[in-house]
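Heads up: the structure comes next, in structure tokens.
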Amino acid sequence: MSNRAIKLRESRHTNKETATILGVAPDTTSRWYSAYKKDGKKAIVVKKTGRPKNTGKTLSDKQEQRIIRQLIDTT
14 MSNRAIKLRE SRHTNKETAT ILGVAPDTTS RWYSAYKKDG KKAIVVKKTG
64 RPKNTGKTLS DKQEQRIIRQ LIDTT
């Protein structure tokens, strides 16, 4: 999303317009653009969110398979 903000700002959209288009706070787009102007593309690297795959599972593999089978059978 920060990449889109940079493109919008570079195409002459105001900070407020950019924030409205992206659905974020104007302070956020301002921070992204300032970081970009200061440090270039490396300042706006997109970070992965959420937990890594297959970590913190609460179901056992057997439970997971049973639920999947039930979903397939009922849909």
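When you line the sequence shown up against the working numbering, it's residues 14 to 88, in that order.
Think of the CB as a built atom: it goes at the ideal place given N, C-alpha and C, for glycine as much as any other residue.
Check, Outcome
"Tell me whether Ser-47 is buried or exposed, calling it buried when 16 or more other Cβ atoms sit within 10 Å of its Cβ.", "exposed"
"Which of the three DSSP states is assigned to Asn-16 in this structure?", "helix"
"Which residue wins for smallest C-alpha separation from Arg-17, given the options Leu-35, Ile-85, Lys-60?", "Leu-35"
"Kindly indicate which residue of Thr-87, Trp-45, Ile-80 has the alpha-carbon position closest to the one of Lys-55.", "Trp-45"
"In this structure, how does DSSP classify Pro-39 when only helix, strand and coil are distinguished?", "helix"
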